[in-house]
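There are 2 protein chains.
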Amino acid sequence: MATITIIGTGLIGSSMGMALRKNGHFIIGCDKSTENLEHAKRIGAIDISSKYTKEIVEKSEVVILATPVDTIEYILPKLLDDIATDTTVIDTGSTKLSICKTVHNHSKRRNLVASHPMAGSEKSGSSGASSNLFENKKVVICESGLSSGKSLQTALNLFKELQMQPIFLSPQEHDSMVGLVSHIPQLIAYAFASMRELNQAKNDGWEDIASNGFESVSRLGLSSPDVWLPILLQNKENLIKNLRSLNQNIELIMSSLSKNDTDTLRSIMKKAVSARSRFNFSKNQLNKSNELTLQLK
Amino acid sequence: MATITIIGTGLIGSSMGMALRKNGHFIIGCDKSTENLEHAKRIGAIDISSKYTKEIVEKSEVVILATPVDTIEYILPKLLDDIATDTTVIDTGSTKLSICKTVHNHSKRRNLVASHPMAGSEKSGSSGASSNLFENKKVVICESGLSSGKSLQTALNLFKELQMQPIFLSPQEHDSMVGLVSHIPQLIAYAFASMRELNQAKNDGWEDIASNGFESVSRLGLSSPDVWLPILLQNKENLIKNLRSLNQNIELIMSSLSKNDTDTLRSIMKKAVSARSRFNFSKNQLNKSNELTLQLK
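As given, the protein sequences belong to chains A and B, one line each in that order. Take the first sequence: its position 195, counted from the start at 1, is 195 in the numbering used here, and no numbers get skipped. Take the second sequence: its position 4, counted from the start at 1, is 1004 in the numbering used here, and no numbers get skipped.
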């Protein structure tokens, strides 16, 4: 059992803490929000809370850095300075290229395992945390060749405890793929939910008629700007390219609707059905359902 | 207990059949797809299947018309010709203006209750049907003043059996609001899931890293083109206006990202969070969870 410091006890940090603490690890939590820290302690995500000090991270076998990505970039070089030579650092940032570049030439780069657990929710802070958030999900590990064998093994063991499967990608591949399947859905939800027509509804109670489809497409519009703004900025090249392509599809839909061009519309729909059918979420669905069932009991 | 003919035993028709049959009504199913009809019978959505004949609808106390909306427009005038003077017709079309116009001057317009149950799923056909699809959902009723008191009462009683709450709107209000909260999410999912980048993925198995966010925003991209194409065309004026506004938001996000304009990005995100927070889906979530639990047993 290890002493693990988690810096950033939000949704990801607290969920990791809950799962790892159940397995007997000793978890120290650091967060600039005392509210988050107190809540993290109350829900059993951490054993004790502490200010960040060199001594604490030096004496930890593992430090998990789970703050927003701009803060990861800011803290990471100093953190690598402060740790002992055999401490493993795992960052959980949703972008990888910019973070990896920041510490590429750091003398303790080999202590870092650059990671991205592919799990989340529209909730933020420790109040949304859940010990099974990561079960059967993937975790992307970037530039594994720059991590020491010991650090990589330590990180893989922890991800195994969280029941995650590792995928090894370059930071460029990660940012491009994750931009498309995670950051773009996030931006779509923000773009949709911020439409002035949704804010200018005339009839009282008309929100009632929104059903599953609306719920599904707009849910991520509830996500925290503090978490997402730095992610989107760090991955903006990929995102702008993807948004341009999305806009072209929307323009094509508009012109086809206006011309009653059913062939083009049907071809867009068929492409969507075919692409979406390649993604299989049955496992995730099952997990979600188990989770909900437990909540109902 | 009534004799009810359901024309169109797809997702909506079969789900209604399952729920109403449980309550003891005698359900006759008509569908051009024998596969749908046979499946509807197997899952207990209908008592018997039949070809459409004047005799059958004449002898039914209620006829529910649940085909795609272009077929509703095509069948409805003839159906009103064929029914008895005291038969109630309920159409379930996802558009209302065009359908209501088609039969505005029909001598039996008063037998029709123009309805739209606000429930659905990305699945189509009777194989996606569920007897609790409508529980705690809204049903929009349009031009209720043009329905006879008896027809309206019959329809309201049936919707009460399905545990739906009625909302009364004009066809214009309906198409405008439903365009925004149902048809636009549908188009967004099609536009996203049909992006060439999703179809041209280079790495095998990269679909694995897609998680809840992707699943949520793209799910409706699996929906049937046969059902959705006629809906989108009938409501195209509203949809083109909304898509233009959505595209403006996406353009603004792109230019703000490219200029690192964090103020504008944060303001878009805050608008989204605030608008989305007005929608409360806790009840729906609970239902969905119950449904999944039942499927697991």
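Glycine residues also receive a C-beta, built at the ideal position from the N, C-alpha and C atoms.
{"Item": "Chain-ordered neighbours of D1208 of chain B on chain A, where CB pairs are closer than 7 Å", "Value": "K138, I167"}
{"Item": "Sufficient close CB pairs (3 or more, under 8 Å) joining the region 15-35 of chain A to the region 126-140 of chain A", "Value": "yes"}
{"Item": "Below-8 Å beta-carbon distance, V1063 of chain B vs any chain A residue", "Value": "no"}
{"Item": "Any chain B beta carbon closer than 8 Å to Y190 of chain A", "Value": "yes"}
{"Item": "Burial state of E73 of chain A, where buried means 16 or more other Cβ atoms lie within 10 Å", "Value": "buried"}
{"Item": "Touching by the beta-carbon criterion (3+ pairs, under 8 Å), the region 236-251 of chain A and the region 180-194 of chain A", "Value": "yes"}
{"Item": "is_contact[V181 of chain A, chain B] using C-beta, thresh 8 Å", "Value": "yes"}
{"Item": "Of the listed residues A:L229, A:G8, A:S107, A:G213, nearest to S148 of chain A (C-alpha basis)", "Value": "A:S107"}
{"Item": "Length-filtered (3 minimum) beta strand (DSSP E) runs lying within the region 1158-1220 of chain B", "Value": "1165-1169"}
{"Item": "Distance between S1258 of chain B and E1035 of chain B (C-alpha atoms, nearest Å)", "Value": "52 Å"}
{"Item": "Local Cβ density within 10 Å of Q186 of chain A, reported as buried at 16 or more and exposed below that", "Value": "buried"}
{"Item": "Euclidean distance between Cα positions of F159 of chain A and L222 of chain A", "Value": "28 Å"}
{"Item": "The region 81-95 of chain A: positions lying closer than 8 Å to chain B by Cβ", "Value": "none"}
{"Item": "Proximity test, Cβ basis, 8 Å: P1185 of chain B and chain A", "Value": "yes"}
{"Item": "Reference R1278 of chain B; option with closest CA among A:V273, A:L152, A:F279, A:A193", "Value": "A:A193"}
{"Item": "Neighbourhood of T1095 of chain B by C-beta, 7 Å cutoff - its chain only, sequence neighbours within 5 removed", "Value": "V1069, D1175, I1231, Q1234, N1235"}
{"Item": "DSSP bridge partner residues for T3 of chain A (one or two, in chain order)", "Value": "A:F26"}
{"Item": "Helix, strand or coil at D1091 of chain B [DSSP, three-state]", "Value": "strand"}
{"Item": "Element boundaries [alpha helix (DSSP H), containing P230 of chain A]", "Value": "225-234"}
{"Item": "T87 of chain A beta carbon less than 8 Å from that of S60 of chain A", "Value": "yes"}
{"Item": "Bounding residues of the alpha helix (DSSP H) (the contiguous stretch that carries L76 of chain A)", "Value": "69-82"}
{"Item": "Closer than 7 Å at the beta carbon, the chain A residues around P1198 of chain B", "Value": "For clarity, residue 1198 of chain B is Leu in the given sequence; the question names Pro instead. Simply L180, A275."}
{"Item": "Environment of E55 of chain A [buried if 16+ CB atoms lie within 10 Å]", "Value": "exposed"}
{"Item": "Helix, strand or coil at L112 of chain A [DSSP, three-state]", "Value": "strand"}
{"Item": "Within 9 Å of chain A by C-beta, residues of the region 1027-1061 of chain B in sequence order", "Value": "none"}
{"Item": "Boundaries of the beta strand (DSSP E) in which I64 of chain A is found, first to last residue", "Value": "62-65"}
{"Item": "Outcome for H104 of chain A when other beta-carbon atoms lying within 10 angstroms are tallied against a minimum of 16", "Value": "exposed"}
{"Item": "When B:L1011, B:I1048, B:M1254 are compared against H1025 of chain B, the one with the closest alpha-carbon", "Value": "B:I1048"}
{"Item": "Where K1298 of chain B sits in the DSSP three-state scheme", "Value": "Since the displayed chain B opens at 1001 and closes at 1297, residue 1298 of chain B lies outside it and no answer follows."}
{"Item": "First through last residue of the alpha helix (DSSP H) which encompasses K59 of chain A", "Value": "Segment: none, K59 of chain A is in no alpha helix (DSSP H) and carries neither H nor E."}
{"Item": "S1216 of chain B to R219 of chain A span [Cα, whole Å]", "Value": "8 Å"}
{"Item": "Cβ separation of W1228 of chain B and M269 of chain A, assumed to be a contact under 8 Å, to the nearest whole Å", "Value": "7 Å"}
{"Item": "Reference K138 of chain A; option with closest CA among A:L252, A:S256, A:E161", "Value": "A:E161"}
{"Item": "Beta carbon of T3 of chain A nearer than 8 Å to that of I28 of chain A", "Value": "yes"}
{"Item": "Within-8 Å CB hit, R1021 of chain B to chain E", "Value": "No chain E appears in the structure shown, which is made up of the protein chains A and B."}
{"Item": "Below-8 Å beta-carbon distance, S245 of chain A vs any chain B residue", "Value": "yes"}
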